[in-house]
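Asks: If you're matching them up, the sequences are chains A and B in order. Under the working numbering, think of the first position of the first sequence as 20, with each following residue one higher. Under the working numbering, think of the first position of the second sequence as 26, with each following residue one higher. One structure, pasted below without further comment.
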Amino acid sequence: MKKSIIPGALTMVACAAASAGAATLDDVKARGKLNCGTNTGLVGFAAPDANGDWQGFDVAVCRAVAAAVLGDSSAVEFVPTTGKTRFTALASGEIDMLVRNTTWTFSRDVDLKFTFVGVNYYDGQGFMVPKALGVSSAKELDGATVCIQTGTTTELNLADFFRVNNISYEPVPIETNEQAQQQYLAGACDVYTTDASGLAATRATFEDPSAHVVLPEIISKEPLGPLVRHGDDEWADIVRWTLNALIAAEEYGVTSANIDELTATVTTNPEVNRLLGTEGALGGMLGLSPDWAVKAIKAGGNYGELFEKYIGQNTPIGLARGLNAQWTDGGLMYAPPFR
Amino acid sequence: MSDAPSHDTAFVRDAMLPPAPAPASSVGPLGWLRRNLFSSWLNAALTLLSLALVAWLLAAVLPWIVHSSWTASSLSECRAQIKEAYGPEASGACWAVIRERWAQLIFGFYPSELYWRPILAFGIALGGMAPVLFPGFPRKVLYLSGAAPFLVPWLLWGGTVWLPVAVALGFVLGYAAFRLVTPFGGAILGTIAAALVPVMWWFWLAGPASGQLQAVLPLGIEPVSSRSFGGFMLSITIGVTAITLSLPFGILLALGRQSRMLIVKSICVGVIEFVRGVPLITLLFVAWLLLNYFMPPDTNFDIVLRVIIMVTLFASAYVAEVIRGGLAALPRGQYEAADALGLDYWKAQRLIIMPQALKISIPGIVSTFIGVFKDTTLVSIIGLLDPVGFSNSIRADVNWNGIVWELYGFIAALFFVFCFSMSRYSMYLERRLRTEHR
């Protein structure tokens, strides 16, 4: 008899939590602030600047959603989460959405009961080696020592890759990226492996970046995107279509520079009109104002502008668009139609 | 016969020799050197070896510290400036990151125009602790000690002034309940009432009452949420609260563990053994995750408060065991003497047992406190940005990515100041309380 009480209580708590989370939009509006889970610090994706304002590619998604929902891109309470606390923070309702370069996987979507609303960055695991090693392909890394962050999917991908190619390696476990940088530069390992975006950011900090090469092999798929709790489809729609609005805006040439002009008059492109709310009532269907997408795009710019501002070729990180180009340019960024 | 000098003795000196100064080799700096550093061949060799080691270390570290840049705005600019100033081979510290971010490392995200509040709170906390720590202070400062526990959180978190007033009122109510109930119900019922009344007041009435008062007479300062806390401010807030609360809780737990009352004893043993049996990180995860699940939805139980409770629990368990060691070290005669004098339990503890037991336990208590203060950096694991966590966030800025030693050096230096002062204070306290062998 006693045994059944505890699961019962847990179920009740879970139900209560679910019912509380059912109307996230109302909660956010009542609070006047969006609680957005983000990274405690990841170069290019989330970091506080000297004034304490969070900046970055992931952070920009939070700001866009806050602008779409509340009309104010600064109405965000950023909750820094670690790899260990991010999912419980979302599940327990501490945050309304999570944008923390989180890989969309089956088990996270299905088993942990989250809804991934899209992908804001297609990443993949790569290798970096010193040029002096004379290696041009990851398949030549037989017997190498590899610096690898423990407890991440990168560790498993690495084991898979070396097993498939039937070559051996010696892992050097490290805890954080900065530790990896130190170990790698000190020569404790021949190879450093993590997401390609992380490798680029790390390489950019070296005194002599040209002495290190990122190998061409990408050994895993890491679609990184924002996620919300299961069970509140209205809220998931808002986050999903805010992200889609940023991507579509780039496709249709809507930028933070020309958006006022495009909104002032009804343009000849009906898709742009529907996106910007000058035609149709898409905002109302989401429960938002008609100009929700205008506010979201004005928060920081369209997807391409955000990319260039935080991680693109002109930043020290210098990532190429690659997979993250628009589908019209051979990439994977493809927003469903706004109609 | 008597007044004639004896001529048997060849010579008798009739004036004392003036004292000669000690040989130059045994006084002054030279003597000190001989006594302390070169007293034997082995010691001389060790001295030279140590000097060589120190010189080697300084030669390696000093150029790095001195050949530095204070004005750059990014790591690459730092490197360029250092190369320009000290030659292409020079490598130096980029202290510019500290210049740009020191305020964040100390105050976190606290609004910069309100920095005076944590500074004032820190000053009040120091002032409140002073008369407790040092006997030379005027007793009137004790009023500040009494007010500090209410003033400091109010300054840090802001909000209505009536909430700390309402909380303070809880203690007054408890005292009143004790005075009212004791004449009718005896000491035990009085103690129970003194514990129950304030707890009920705090849980159910203090919040609405302060809300009402605020509605009638709005008095308050701008509220700052716990999310804005960070850096050393967070460490000190958690550390100082946990340290000051864990001493009384630790004493109570230690006494409870020695109690002859079965229930009290089992509860205390259970708490101590459970808390000591799990790592602090586990407790922090409980604070972050489980409490969130178990609380009713929409309760906003402050994360910093949750962490403070957990760290206090952790420190109390350790302090309790240190004090139990002090209690066990007292000869039985002391307990018996207290009984023989006819003192009741609390008087015996207060006048005879505790002063001696605490004195024995000082080094252990202080090292527990230092450990707790340093353990506050563990909160970075649950996403709170203490100095160590913040150093990671600063490193995530594109401009400062790749900077390690400068940030850690700054953090280590500040931690050293706090921990070293604590250990010095404990030595001072031991000297002051050394009464038996004077």
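Cβ coordinates follow ideal geometry from the N, Cα and C atoms, glycine included. As the structure is a prediction and not an experimental result, all values here were calculated from the model.
Determine the direct distance from the alpha carbon of I123 of chain B to that of F435 of chain B, and round the result to whole angstroms.
Replies: 8 Å
Asks: How would you write the range of the alpha helix (DSSP H) that N317 of chain B sits in, first residue to last?
Replies: 316–319
Asks: Specify the secondary structure class of I193 of chain A as computed by DSSP and reduced to three states.
Replies: I193 of chain A carries a strand assignment under DSSP once its states are collapsed to helix, strand and coil.
Asks: Along the chain, where does the alpha helix (DSSP H) containing D46 of chain A start, and where does it finish?
Replies: Unbroken alpha helix (DSSP H) run through D46 of chain A: 43–50.
Asks: Of all Cβ atoms in chain A, is any one closer than 8 Å to the Cβ of V429 of chain B?
Replies: yes
Asks: Compute the Euclidean distance between the alpha carbons of T185 of chain B and S235 of chain B, then round it to the nearest angstrom.
Replies: Their backbone Cα atoms lie some 8 Å apart in a straight line.
Asks: When you compare the CB of Y370 of chain B with every CB in chain C, is at least one pair closer than 8 Å?
Replies: Judged by its chain identifiers, the structure shown contains no chain C, and its protein chains are A and B.
Asks: Closest to P233 of chain B by CA distance: which of B:N424, B:V190, B:G275 is it?
Replies: B:V190
Asks: Kindly list, in the order they appear in chain B, the residues whose Cβ is closer than 7 Å to that of G71 of chain A.
Replies: Q129, F134
Asks: Do G351 of chain B and A382 of chain B have their C-beta atoms closer together than 8 Å?
Replies: yes
Asks: Could you check if W141 of chain B is buried or exposed, using at least 16 other CB atoms within 10 Å of its CB as the buried criterion?
Replies: exposed
Asks: Going by other Cβ atoms of all chains shown within 10 Å of its Cβ, with 16 needed for buried, is L524 of chain B buried or exposed?
Replies: The requested residue 524 of chain B is not part of the displayed model; chain B covers only 26 to 463.
Asks: Beta-carbon of S422 of chain B versus every beta-carbon of chain A: anything under 8 Å?
Replies: A small correction: the amino acid at residue 422 of chain B is Asp; Ser does not occupy that position in the sequence shown. So yes, D422 of chain B belongs to the interface.
Asks: Touch check for the region 203–223 of chain B and the region 147–157 of chain B: three-plus C-beta pairs under 8 Å?
Replies: no
Asks: Chain A partners of R104 of chain B, CB-CB under 8 Å?
Replies: Under the 8 Å cutoff, chain A gives E226.
Asks: Using the beta-carbon count (16 or more within 10 Å), is N68 of chain B buried or exposed?
Replies: By the 10 Å Cβ count, N68 of chain B comes out exposed.
Asks: Using a Cβ-Cβ cut-off of less than 8 Å, give me the residues of the region 186–215 of chain A that come near chain B, in sequence order.
Replies: T195, E197, Q200, Q201
Asks: Would you tell me roughly how many angstroms separate the C-alpha atoms of K48 of chain A and F326 of chain A, rounded to the nearest one?
Replies: The straight-line gap from Cα to Cα measures roughly 29 Å.
Asks: Give me the chain B residues within the contact set of E113 of chain A, using Cβ-Cβ distance strictly less than 8 Å, ordered along the chain.
Replies: N317
Asks: Since A345 of chain B contacts L278 of chain B with CB under 8 Å, what's their CB separation in whole angstroms?
Replies: 4 Å
Asks: Mind checking if T171 of chain A is an interface residue toward chain B, Cβ cutoff 8 Å exclusive?
Replies: Taking Cβ atoms only, chain B never reaches closer than 8 Å to T171 of chain A, which makes this a no.
Asks: Please confirm whether S93 of chain B has its beta-carbon closer than 8 Å to some beta-carbon of chain A.
Replies: no
Asks: Please tell me whether W313 of chain B has its Cβ less than 8 Å away from any Cβ of chain A.
Replies: Chain A, which has a Cβ nearer than 8 Å to the Cβ of W313 of chain B, makes this yes.
Asks: Secondary structure at Y450 of chain B, three-state DSSP: helix, strand or coil?
Replies: In the structure shown, Y450 of chain B sits in a helix (DSSP, three-state: H, G or I).
Asks: I'd like the list of long-range same chain contacts for E324 of chain A, defined as Cβ closer than 8 Å, with 5 residues on each side in sequence excluded.
Replies: E269, T274, S275
Asks: Using 8 Å as the limit for Cβ to Cβ distance, is P289 of chain A near chain B?
Replies: no
Asks: Applying the 10 Å Cβ sphere with the 16-neighbour rule, what's the burial state of W57 of chain B?
Replies: exposed
Asks: Can you list, in chain order, the stretches of the alpha helix (DSSP H) that have 4 or more residues and sit fully within the region 88–151 of chain A?
Replies: Unbroken alpha helix (DSSP H) runs of no fewer than 4 residues, entirely contained in the region 88–151 of chain A, are found at 105–110, 125–129, following chain order.
Asks: For the region 392–400 of chain B against the region 356–367 of chain B, are there 3 or more C-beta pairs whose distance is under 8 Å?
Replies: no
Asks: Along the region 252–283 of chain B, where does the CB come closer than 7 Å to a CB of chain A? Name the residues.
Replies: Listed in sequence order: R252.
Asks: Going by DSSP in three states, Y140 of chain B sits in which element: helix, strand or coil?
Replies: coil
Asks: Using the Cα positions of Y453 of chain B and R459 of chain B, report the straight-line distance between them to the nearest angstrom.
Replies: 10 Å
Asks: Is the Cβ-Cβ distance between A146 of chain B and S137 of chain B less than 8 Å?
Replies: no
Asks: So with Cβ pairs under 8 Å, would you call T347 of chain A a contact of chain B?
Replies: no
Asks: Would you list the one or two residues that DSSP bridges to W73 of chain A?
Replies: A:P67
Asks: Entirely within the region 366–450 of chain B and at least 4 residues each: give me those alpha helix (DSSP H) ranges in chain order.
Replies: 370–373, 379–400, 412–420
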